[in-house]
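Asker: Here it is: the structure, laid out below.
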């Protein structure tokens, strides 16, 4: 490691950095060959943000096409590719990578370790994920194969059989989709194994499981869930490829195969996946809300139990995506109950966050603004989730724009808001500079306004009978005005994200110096310099409570007395 | 900061108010068919039961929202930091068993109530006993159109489903068996019933008993390929007389008009007859819609456009004009052939 020689960064670097060709190559090389958890964490985050912009651009194209009835902005074929790629990108290339960005960077720092348990596996996992994403996007160039034109996947991100069979999806676009998800899936499995091993085996002295920061706990639960969820998806993708190329009949309905089996395989991945994505977002809120409320998290054991409970129950709810597929009434009733049960641990979390804020002295810096909005939006997302769990109502709402609005409330209103909160919160640690508060406020207010204009309104066309995945609609349906409002909100969100991207770049060069602990926080990562040296801690830390830095700052009133 | 927080809460409240207004507005017009197929304007028992259930669930979730969002708003205003200089830390509270128990038990009770109500409705709709007077229809989804067979009546209809009005005193519901010829589709007419998927190699069913005559619109609700968006669906709820007249007409073989013999010749000598059936002629293809009574339909290409002479001619000339990616090929007919075949099809009442 080129950067492992100096114990303290900054002042001791005596040779001024010169941007010769050799220096640039060496710098690039250091990112490619790195096994340092912090560098890999940054790579994951850069990757996630890059694809967030790509997926966002696809969303904007979709929204322009739908801005009024019978638009001809893009062709039906292109529209179908774009919404397939938007979904696949956002779930697999943004959602699955931001998790490991935060987990990689923060877990070793928070548990007082010098790196992840398996640094080389860590690098392998990232690069598998990286090339999986490249493979998916290469389909725009290579997917046409002999058909002679660019051809990205166009079978939706849930890719129901038998639309994916060679009879209905000729060419190679579906192969790119399946193969790239297998490759990124292996990356996810490697990273998940690493997170579990690190959280269980690399904790510093005194860091018992009940003193583990909640971020680490939730990421560990997520990793277990990812292991269980990604495996059936990978199996199903391999079965699909066997069907397509080796004459298998798993999903080939013409030869007695079952289209319903694919749906089961996909959703037994697909529903735990939602919690794989959302638990790390909760993890961020669990760190940010206490620090900015100036209070310890309320009900730590309940928060841990609720997370494990959510993960456990989430493995038994998948068929609520399939209420319309023709299950028996008893089957439907079972999945109604299991789905509603998720609401209980989730409710506990929301109440605990409120109780954490209750009686505090809340500082509304940008990270806390995002987290507060997250609590409100997640509440609404949960309540529309309850509506969708009511199977008879779901027979109406399923595959309508109401569902789109609901899950964007989860994925954007909860997860993306928490990602932004996390980035504003830890950017100073990663770069040594604060993100601009002024630009941050612009980002927050534009984004929340755009978000509500888009996704609040988006529920309504669903209630008025507008199905998802349609590239256009007739003027007589009366959905035009609502769609125009939705599209305008989308553009406001896009502007907000551009402000954010500019903030990331501007603050890297011009931002205020952060110091070690700009937020007056309590977990171990804030005890290291910003940015932390390659080895993280010069001496192994010893902790005696959940908030080691609180104990240091308040020796008269330490946490360990009360835990 | 206070005003900004207020604005945030106000904004979301406003959107929900808008939503509520739409509910009320829709409810006010809950009678009969509408061009906007709102789930809050039901006209058949399944849709109506779901509507009632949805109002119940909305009121419970609404109450939860008001309570929790109210608490959040209170916390935001009450517990803000006052002034930058106040650096003292607030009292640290780590948890409270009683309070945590309360907000675990109350949600459990709510879940029990919601589950029982929902389960009751699932059984009531899904396991409803079929009355003797029920009409049987087999609906088959195709890329990108609908086939409706009436096995007891010997009718093969397309894209526009005709069903009798059901009188609550002596109900004549329609029971629809749902199949697919290729990929998964989903049968959805929001004002009449929730959607049910049409899955190849798998049999599903649904039922409707419309209370108001008229045309109800819906469309395919599961992505099924390029033209999923234009796989539109129309359900005609006919009064008993209208329905009897429709059935009688559909049961006739195709009109044979000697004045359009050239058009018929074009139809039977080009590839048209490979995919389309016209009962009583040599055309017996099954891949495309049955054209025996083409002129009895108001729309063409599964609702993509109105059934007019100009549209029909253009559709035959180049289907991509209306429905890019439809499986019907452009037959490269010359202008004379187009005129002839259009004239022939125009006679198929």
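Protein chains in written order, with our numbering: chain A, 1135 to 1697; chain B, 17 to 365. No residue lacks a Cβ here, since even glycine has one placed at the ideal position from N, Cα and C. Keep in mind that this is a model prediction, so the values were computed, not measured.
Check whether the segment 270-282 of chain B and the segment 313-323 of chain B are in contact - that is, three or more C-beta pairs closer than 8 Å.
Answerer: As far as the Cβ criterion goes, the segment 270-282 of chain B does not touch the segment 313-323 of chain B, which means the pair count is below three.
Asker: Step through the CB atoms of chain B and report whether any lies within less than 8 Å of the CB of residue 1557/A.
Answerer: It does not: the Cβ of residue 1557/A has no partner Cβ on chain B nearer than 8 Å.
Asker: Could you give the DSSP three-state label for residue 165/B: helix, strand or coil?
Answerer: In the structure shown, residue 165/B sits in a strand (DSSP, three-state: E or B).
Asker: Below 6 Å CB to CB, which residues in the same chain sit around residue 1677/A once its five sequence neighbours on both sides are set aside?
Answerer: Around residue 1677/A: 1340 and 1341.
Asker: In this structure, how does DSSP classify residue 377/B when only helix, strand and coil are distinguished?
Answerer: Residue 377/B cannot be examined here, being either before or after the span of chain B that is shown, 17 to 365.
Asker: Contact defined as beta carbons within less than 8 Å: I believe residue 1171/A pairs with residue 1256/A. What is the distance between those atoms, to the nearest angstrom?
Answerer: With 8 Å as the limit, residue 1171/A and residue 1256/A qualify as a contact, their Cβ atoms being about 6 Å apart.
Asker: Are any of the Cβ atoms in chain E nearer than 8 Å to that of residue 1474/A?
Answerer: Here chain E cannot be found, since the structure's protein chains are A and B.
Asker: With a cut-off of 8 Å, does the C-beta of residue 243/B fall near any C-beta of chain A?
Answerer: Yes, because at least one Cβ of chain A sits closer than 8 Å to the Cβ of residue 243/B.
Asker: I'd like to know whether the C-beta of residue 137/B is nearer than 8 Å to at least one C-beta of chain A.
Answerer: Interface residue, yes.
Asker: Note down, in chain order, each residue of its chain lying with its Cβ closer than 6 Å to the Cβ of residue 1486/A, except the 5 sequence neighbours on either side.
Answerer: Only 1432, 1433 and 1437 meet the Cβ criterion.
Asker: Quick check on DSSP: helix, strand or coil for residue 1568/A?
Answerer: Residue state, collapsed to three classes: coil.
Asker: State the Cα-Cα distance for the pair residue 144/B and residue 257/B, rounded to the nearest angstrom.
Answerer: Distance between the alpha carbons of residue 144/B and residue 257/B is about 27 Å.
Asker: Under 7 Å between beta-carbons, which chain A residues line up against residue 54/B? List them in chain order, please.
Answerer: By Cβ distance, chain A contributes 1597, 1598 and 1599.
Asker: Can you name the residues that DSSP bridges to residue 171/B?
Answerer: DSSP, once it has assigned bridges, lists 166/B as partnering residue 171/B.
Asker: Please check if any C-beta of chain B sits within less than 8 Å of the C-beta of residue 1394/A.
Answerer: Answer yes: the Cβ-Cβ gap between residue 1394/A and chain B drops below 8 Å somewhere.
Asker: Which two residues bound the contiguous beta strand (DSSP E) that contains residue 176/B?
Answerer: Residue 176/B -> beta strand (DSSP E) spans 176-180.
Asker: Counting only C-beta atoms, is residue 1209/A closer than 8 Å to chain B at any point?
Answerer: Judged by the 8 Å Cβ criterion, residue 1209/A is in contact with chain B.
Asker: For the 8 Å Cβ check, are there 3 or more pairs between the segment 128-141 of chain B and the segment 61-73 of chain B?
Answerer: A contact exists between the segment 128-141 of chain B and the segment 61-73 of chain B.
Asker: Strictly under 8 Å for the Cβ-Cβ distance: is residue 1677/A near chain B by that measure?
Answerer: It does not; no Cβ of chain B falls within 8 Å.
Asker: Is the Cβ of residue 259/B closer than 8 Å to any Cβ of chain A?
Answerer: Not one chain A Cβ lies under 8 Å of residue 259/B.
Asker: For residue 1524/A, count neighbouring Cβ atoms within 10 angstroms of its own Cβ and tell me buried if that reaches 16, exposed if not.
Answerer: So residue 1524/A counts as buried.
Asker: Identify each residue in the segment 1480-1498 of chain A for which the Cβ-Cβ distance to at least one residue of chain B is less than 8 Å, and report them in chain order.
Answerer: Listed by position, the residues of the segment 1480-1498 of chain A near chain B (Cβ gap below 8 Å) are 1481, 1482, 1484, 1485, 1486, 1488, 1489, 1491, 1492, 1493, 1494, 1495, 1496, 1497 and 1498.
Asker: Residue 1367/A: which of 1378/A, 1345/A and 1293/A sits nearest, CA to CA?
Answerer: When each option's Cα is compared against that of residue 1367/A, the closest is 1293/A.
Asker: Give the interface partners of residue 335/B over in chain A, defined as CB-CB distance under 9 Å, in chain order.
Answerer: In chain order: nothing, as chain A lies at least about 13 Å away.
Asker: Flag residue 1383/A as yes if its beta-carbon sits less than 8 Å from any beta-carbon of chain B, otherwise no.
Answerer: Answer no: the Cβ-Cβ gap between residue 1383/A and chain B never drops below 8 Å.
Asker: Quick one: does residue 1467/A have its CB under 8 Å from some CB of chain B?
Answerer: Yes, because at least one Cβ of chain B sits closer than 8 Å to the Cβ of residue 1467/A.
Asker: Identify every residue that forms a DSSP beta bridge with residue 380/B.
Answerer: Outside the displayed span of chain B (17 to 365) sits residue 380/B, for which this structure offers no information.
Asker: Give me the residue from 361/B, 232/B and 61/B with the minimum Cα distance to residue 288/B.
Answerer: Comparing Cα-Cα distances from residue 288/B to each of 361/B, 232/B and 61/B, the minimum goes to 361/B.
Asker: Based on DSSP bridge pairs, tell me the residues matched to residue 223/B.
Answerer: BP columns for residue 223/B point to 191/B.
Asker: Taking CB distances under 8 Å as the criterion, tell me whether residue 1342/A reaches chain B.
Answerer: Chain B, which has no Cβ nearer than 8 Å to the Cβ of residue 1342/A, makes this no.
Asker: Can you give me the C-alpha to C-alpha distance between residue 1530/A and residue 78/B, rounded to a whole angstrom?
Answerer: Cα to Cα, residue 1530/A sits roughly 19 Å from residue 78/B.
Asker: From residue 186/B to residue 165/B, what does the alpha carbon distance come to, in whole angstroms?
Answerer: So the alpha carbons of these two residues sit roughly 24 Å apart.
Asker: Taking a cut of 7 Å between CB atoms, which residues from the segment 274-295 of chain B lie near chain A?
Answerer: The segment 274-295 of chain B vs chain A, Cβ under 7 Å: nothing.
Asker: Roughly how many whole angstroms lie between the Cα atoms of residue 1355/A and residue 1644/A?
Answerer: One C-alpha to the other measures close to 38 Å.
Asker: Does chain B have any CB closer than 8 Å to the CB of residue 1621/A?
Answerer: Not closer than 8 Å to any Cβ of chain B, the Cβ of residue 1621/A fails to qualify, so no.
Asker: Check the C-beta distance from residue 308/B over to residue 285/B and give it rounded, since I have them as a contact under 8 Å.
Answerer: Not quite, the Cβ-Cβ distance comes to about 19 Å (not below 8 Å), so this is no contact.
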